[in-house]
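Position 62 of the sequence shown, counted from 1, bears residue number 62 in the UniProt record's numbering, the numbering being contiguous throughout. Idealized CB from N, CA, C, for every residue including glycine. Bear in mind the structure is a predicted one, so any value in this text is a computation, not a measurement. Below: the structure, in structure tokens.
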Amino acid sequence: MTPDVALHANGTDITAAIRDRLLSLTVQDEAGVTSDQVTLKLDDRPLSGGRRAALPEIGTRLTVALGARATGLVETGTYIVDEITYSGPPETLTVRARHADMPGPFRTPATRSWDATTLGDIARTLAAGFGYTAVVSPALDAIAVDHADQTEESPMAFLNRLAEAHDGIVKPCAGRLVLAPKGTAKSVSGQPLPELRLRPRDLSTWSYTHAARKDPGQGAGQGDDGGTQAEHWDLGAAELRTETAGTEPRTAVRYTRATDTEAVATARATKAQGDRAKATFRATLPGNPTVAAEQKLVLEGIRPGIPAAWRIAKVTHTLDRSGFITRLEAELFTGT
């Protein structure tokens, strides 16, 4: 199939104007608060008569759609141009734009204290302050937050820190602020993402790595989960207590937590993160714009001993003059 692309700048279709100048286009989609981005490389040699094309303006809103002429295009998102590089020879313009759903106020440091609330209420309060709608998973909504300090910390960094402590993920997109457990295969609308099922014949290349080390030089088998432990100060007993998750050997979490609830949540979240990171799967396949971060990947017909269920953590779509390919990086799926 013939790859295709559509580009709009501030609502104006510029596809025809730059199609012959487009050397490559890369869309990067990552799970979590890491800002998704698009990179365009353009042939910047003079036009006929020595004329020069106008430089793209910082702040331009780029909407990108990828796909194939036979099957149609899939919009990957809207991005704001924030970097332009002119290089040579040959004369080339590199334009980088980051996802438009990370407005300045989300990234502006602020100081505030939160008391006697829940994780869901914090997300809704922050989202409403920027005109967004919070989409909060029931699994995280009612988690109690007795006290939390946001000290010279952006709202996104603060909420992400709280979510990480409960193995959650935060993602702003399309006017929504999604808060959900990692590995639950939710889209930016909070709706379930369709499973991606792949067989070896669907892949151009693939690589599986299992490297779960505990103590230096000591490997851990696929069934050897190990565990984590976190400490908290028990005010009533005036002593330090330890909360655990998983089996020995356990990895200690840095810093003492304020309450037993925080310590338990941190131990469990750290264990879940470690479990997912024990193995990685990377693959390259013919361009497929529907592949997205946070999607559940199911491998079929792979050799025995290789896990079948994965969580896609990063997707890179690349369209250039040699064709359209999709690269994905995945970690073990620990959801249901």
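Note on the segment 45 to 133: whole alpha helix (DSSP H) runs with a minimum of 4 residues are 104 to 107, 119 to 129, in chain order. In the three-state scheme derived from DSSP, where H, G and I count as helix and E and B as strand, Ile143 is classed as coil. Here the segment 291 to 304 makes no contact with the segment 39 to 59; the two share fewer than three CB pairs at distances below 8 Å. The alpha-carbon separation between Val145 and Gly305 amounts to approximately 41 Å. With respect to the C-alpha of Pro286, the residue from Leu198, Arg311, Phe333 having the closest C-alpha is Leu198.
DSSP places Ile312 in the strand class (E or B) of the three-state scheme. For Ala279, the uninterrupted beta strand (DSSP E) run begins and ends at 279 to 286, by DSSP. For the pair Leu319 and Val5, the Cα-to-Cα distance works out to about 8 Å. Note on Ala330: 16 or more other CB atoms within 10 angstroms of its CB, so buried under the neighbour-count rule.
Within the DSSP bridge table, the entry for Gly323 names Asp320 as partners.
DSSP places Thr334 in the coil class of the three-state scheme, outside both helix and strand.
Per DSSP, reduced to three states, the secondary structure at Thr39 is strand.
Leu140 is a Cβ neighbour of His166, given a cutoff of 7 Å. Only buried fits Pro172, as 16 or more other CB atoms lie within 10 angstroms of its CB. By the Cβ-count criterion, Tyr79 is buried, with 16 or more other Cβ atoms from all chains shown falling within 10 Å of its own Cβ.
Membership of Ile302 in any alpha helix (DSSP H) is not indicated, and neither H nor E is assigned to it by DSSP. Contact annotation, Ile143 with Ala31: C-beta distance approximately 20 Å; criterion of less than 8 Å not satisfied. In summary, Ala283 is buried, with 16 or more beta-carbon neighbours lying within 10 Å of its beta-carbon over all protein chains present. Around the beta-carbon of Thr76, 16 or more other beta-carbon atoms lie within 10 Å, marking it buried.
Taking each of Gly72, Arg321, Lys296, Arg303 in turn and checking the Cα distance to Leu328, the smallest one comes out for Lys296. The segment 146 to 156 makes contact with the segment 106 to 122, as at least three CB pairs between them are under 8 Å. Distance from the CA atom of Trp310 to the CA atom of Ala279, rounded to whole angstroms, is 9 Å.
Ala16 carries a helical assignment under DSSP once its states are collapsed to helix, strand and coil. Ranked by how close their Cα comes to the Cα of Glu91, the residues Thr2, Asp44, Leu193 have Asp44 in first place. Where Leu25 is concerned, the enclosing beta strand (DSSP E) starts and stops at 22 to 30.
Taking the Cβ atoms as the reference, Phe324 lies roughly 29 Å from Pro46, outside the contact range of under 8 Å. Annotation: Asn10 to Thr63 spans about 8 Å, alpha carbon to alpha carbon. Boundaries of the alpha helix (DSSP H) around Pro155: 155 to 164.
Looking at the DSSP output, Leu7 bridges to Val64.
In the structure shown, the three-state DSSP call for Asp167 is coil.
CA-CA distance, Thr117 to Leu177, rounds to 18 Å. CA-to-CA, the gap between Ala211 and Leu299 works out to about 19 Å. Taking the Cα positions, Phe281 is about 14 Å away from Thr316.
Judged by their CB atoms, Ala123 and Leu179 are nearer to each other than the 7 Å cut-off. Within a 10 Å sphere around the beta-carbon of Gly67 sit 16 or more other beta-carbons, which makes this residue buried. The residues Pro172, Gly175, Arg176, Leu177, in chain order, have a CB closer than 7 Å to that of Tyr132 in the same chain once the five nearest residues on each side in sequence are set aside.
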